[in-house]
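Below is one structure; the comments refer to it alone.
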Amino acid sequence: MRNLKIPPGACHVYRMQRLFPVAATFVYLLTLAANAAFAQPAKSDAASALDALIEEAWQFELDESPSFAMHVGDPRGADQLGSEKLADIERRNDRRQQFLDRLQKIDRASLARPNQINYDIFQRELENSLAEFHFQTHLTPITNRSGFHIGFPELAEQSPLRTVTDYENYIARLRGFRLYAREHIELMRHGVEAGQVLPAIVLEGYEGSITPHIVDDVTKSLLYRPLERMPESFSEADRERLTAAATEAIRESVVPGYRDFL
């Protein structure tokens with residue numbers, strides 16, 4: 004492991020792991036798999052099975068986390084935020100357990116060394132994810148420095164906003180924020196009932212990451228900024244329509260969502 008070459012973009016994985024802890028790992032894992040593919044012209048049945056399982060898990064994570072998919076340039080679910088309902092978290096955990104069960108049926112000893120490394124990383128990350136679920140970390144989804152409430156405003160800078168459709172997708176995510184916030188609030192209520200809460204000191208000052216988004220003037224919201232830099236190629240009618248839709252979404256979904264959370 005000491006001699007592994009760090010793949011391009013790996014410096015971004017740590018930051019993504021804070022927002023998408025399981026899915027981010029697959030960026031690094033798939034890079035290793037690609038490197039191994041170049042090194043092995045003829046694959047064994049075990050290697051092919053491993054590659055197929057990694058690919059299936061990767062597609063699953065992209066389907067389940069539209070925001071993560073956006074981070075890696077995949078447009079699926081571009082108008083969605085994903086679900087943080089407890090039932091969906093449990094379903095995802097069950098699927099990852101299935102991935103682990105299938106992985107452990109692959110004969111690791113028959114793999115070439117690069118694929119053994121891929122196998123070990125994949126297994127470790129699946130086991131870590133399952134352990135996090137077991138210890139109910141999903142019931143404490145925020146701190147004063149991280150969480151959905153901090154990551155969401157970054158949509159304004161991270162969303163691909165080049166076409167009218169891009170803006171429509173962005174606005175759809177704004178509309179979905181209040182429900183998304185409620186799902187996180189519900190998770191934390193489950194956490195309170197289960198005695199799974201953070202020490203008060205860890206959350207000192209958390210309100211400072213919320214109150215800036217509770218604005219009376221929608222144009223002061225960070226999430227309004229993309230409306231101020233629409234491409235010149237947009238028609239005036241599209242500009243007016245998108246601006247009106249975004250204004251309503253921020254006023255009726257984003258601001259109330261942050262207010263509910265505070």
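Following the working numbering, the numbering of the sequence shown begins with 4 at its first residue and continues without gaps. C-beta: ideal position from N, C-alpha, C; glycine also. Bear in mind that the values here come from a model prediction, so they are computed numbers and not experimental data.
Item                                                                                                : Value
Secondary structure of D82, DSSP reduced to three states                                            : coil
L206 to T146 span [Cα, whole Å]                                                                     : 6 Å
T166 versus R262, D48, G154 and A81, residue with shortest Cα-Cα distance                           : A81
Neighbourhood of G260 by C-beta, 6 Å cutoff - its chain only, sequence neighbours within 5 removed  : F180, R181 and A184
Inter-stretch contact at 8 Å, needing at least 3 Cβ pairs: the segment 97-106 / the segment 116-130 : yes
Buried/exposed call for S256, threshold 16 Cβ in 10 Å                                               : buried
Three or more C-beta pairs below 8 Å linking the segment 131-145 and the segment 193-208            : yes
Of the listed residues I92, F151, S236 and D169, nearest to S212 (C-alpha basis)                    : F151
Own chain, CB closer than 8 Å to G208, minus 5 neighbours either side, in chain order               : N147
Within 7 Å, strictly: CB atoms of L245 and Y170                                                     : yes
Distance between Q83 and A247 (C-alpha atoms, nearest Å)                                            : 20 Å
Coil, strand or helix - A115 by DSSP                                                                : coil
Closest residue to R178 among L53, G76, V258 and R232 (Cα-Cα distance)                              : V258
8 Å contact criterion, which G85 and E64 should meet: CB distance rounded                           : With 8 Å as the limit, G85 and E64 do not qualify as a contact, their Cβ atoms being about 11 Å apart.
Backbone CA spacing between P156 and E189 [nearest angstrom]                                        : 21 Å
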